[in-house]
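See the structure below:
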């Protein structure tokens, strides 16, 4: 086993522990817990058995396993950025609504 494989496995285990901790704190739903558990477990499997990505890449029509990992990573990153963007937009909308309500309530009290 190479040093990079050991590092990836160690990081994946660390990330799994942190994910479970976040779930226990109530910061993650069960769906996100499962998503991240599968994600980090897959990262560990790919680190130990990198040829698995080549097999999956051939099944989906991608030339190399490394290319498949990059494509999948980009898709996941874009999806997560989209989720953060939507959450920020919703938060801004809610803040605006609350500020308006507080302003109206202040005017009513005077």
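In this note's numbering, the protein residues as written are 838 to 947.
We treat Cβ as the ideally placed atom computed from N, Cα and C, and that holds for glycine.
query: Straight-line Cα distance separating residue 841 from residue 933; result: 47 Å
query: Counted within 10 angstroms of its Cβ, other Cβ atoms place residue 905 as buried (16 or more) or exposed; result: buried
query: CA-to-CA distance, residue 926 to residue 942, given in whole angstroms; result: 24 Å
query: Opening and closing residue of the alpha helix (DSSP H) in which residue 874 lies; result: 867–885
query: Reduced DSSP category for residue 899 - H, G, I as helix; E, B as strand; rest coil; result: coil
query: Assumed close pair residue 890, residue 898 - CB separation to whole angstroms, cut-off 8 Å; result: At roughly 14 Å, the Cβ-Cβ gap does not stay under 8 Å, so residue 890 and residue 898 are not in contact.
query: Sequence-distant residues of its chain with Cβ nearer than 7 Å to residue 870 (five each side left out); result: 856 and 860
query: Spatial distance of residue 892 from residue 863 (CA atoms); result: 37 Å
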